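*Asks:* Residue numbering for the sequence shown follows our numbering, beginning at 17 and increasing consecutively. We put the beta carbon where it would ideally sit given N, CA and C, even for glycine. None of the values given here were measured: they were computed from a predicted structure. I'd like to ask you about the structure that follows.
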Amino acid sequence: MFLFHATMLPKQSIFRFQIAAGGCASLSNPLFCYACGAANRPQALFCYACGQPLQAQGGKSARQTTGLLVYNHLLKQRYRILQQVGKGGFGAVYKAADLQFGNRQVAIKEMSQSSLSPQELVEATESFKREAMLLAGLTHPNLPRIYEQFTDMGRWYLVMDY
Numbered sequence: 017m018f019l020f021h022a023t024m025l026p027k028q029s030i031f032r033f034q035i036a037a038g039g040c041a042s043l044s045n046p047l048f049c050y051a052c053g054a055a056n057r058p059q060a061l062f063c064y065a066c067g068q069p070l071q072a073q074g075g076k077s078a079r080q081t082t083g084l085l086v087y088n089h090l091l092k093q094r095y096r097i098l099q100q101v102g103k104g105g106f107g108a109v110y111k112a113a114d115l116q117f118g119n120r121q122v123a124i125k126e127m128s129q130s131s132l133s134p135q136e137l138v139e140a141t142e143s144f145k146r147e148a149m150l151l152a153g154l155t156h157p158n159l160p161r162i163y164e165q166f167t168d169m170g171r172w173y174l175v176m177d178y
């Protein structure tokens, strides 16, 4: 199951991707911004969406591994990793403490980006966003509440009930 950040509607994010890429067909190997997650042309020096520098991000190798967050790692200056709960083909799930809400325990899903082609990465990202938006709008005792979704160091995260 892919889950993702819902700050913009899927059509808007596809539109942003197409603007950055000059159209989806012309972008063969997108460079994703670590700050905002926008897809940029491979030769871009700065993110078209937020203006952050792109070349210092380390390229492809930075996104190859998922599930390496260790105990006490701090995500977004808010979520302290307590332990890894599971890891699979679609990503890793961690138990964490939300420092802004009295160390409330949350689950954080990290979307795997390893072994995805550029086109598959775009599709997986869009799927992750759609499913997060869907889950955020549902209320049921058997479904987790969605608290937040964000990008950090080029990876996508979803924060939910533990």
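(1) Between which two residues does the beta strand (DSSP E) carrying Thr167 extend?
(2) So, is Val122 buried or exposed, given that buried needs 16 or more other C-beta atoms within 10 angstroms?
(3) Among Leu159, Cys63, Thr82, Leu90, whose alpha-carbon lies nearest the alpha-carbon of Trp172?
(4) Here's the rule I'm using: 16 or more other beta-carbon atoms within 10 Å means buried, otherwise exposed. How should Gln93 be labelled?
(5) Only counting the same chain, and skipping five residues up and downstream in sequence, which positions put a Cβ closer than 7 Å to that of Asn45?
(6) Thr167 and Tyr95: beta carbons closer than 9 Å?
(7) Quick check: the Cα distance between Ala60 and Gln68, rounded to an integer number of angstroms?
(8) Could you check whether Phe144 and Leu174 sit closer than 9 Å to each other, using their CB atoms as the reference points?
(9) Phe106 by DSSP, collapsed to three states: which one?
(10) Check whether the Cβ atoms of Ile108 and Leu98 sit closer than 9 Å, and answer yes or no.
(11) Label Cys63 either buried or exposed according to how many other C-beta atoms from any shown protein chain fall within 10 Å of its C-beta, with 16 as the threshold for buried.
(12) Between the alpha carbons of Arg146 and Thr155, how many angstroms are there, rounded?
(13) Could you check if Tyr110 is buried or exposed, using at least 16 other CB atoms within 10 Å of its CB as the buried criterion?
(14) Between Ala140, His89, Pro157, Leu91, which has its C-alpha nearest Gly105's C-alpha?
*Replies:* Taking the geometry as given:
(1) 162 to 168
(2) buried
(3) Thr82
(4) exposed
(5) Pro58, Pro134
(6) no
(7) 11 Å
(8) yes
(9) coil
(10) It is Ala, not Ile, that sits at residue 108 in the sequence shown. Not closer than 9 Å, so no.
(11) buried
(12) 16 Å
(13) buried
(14) Ala140
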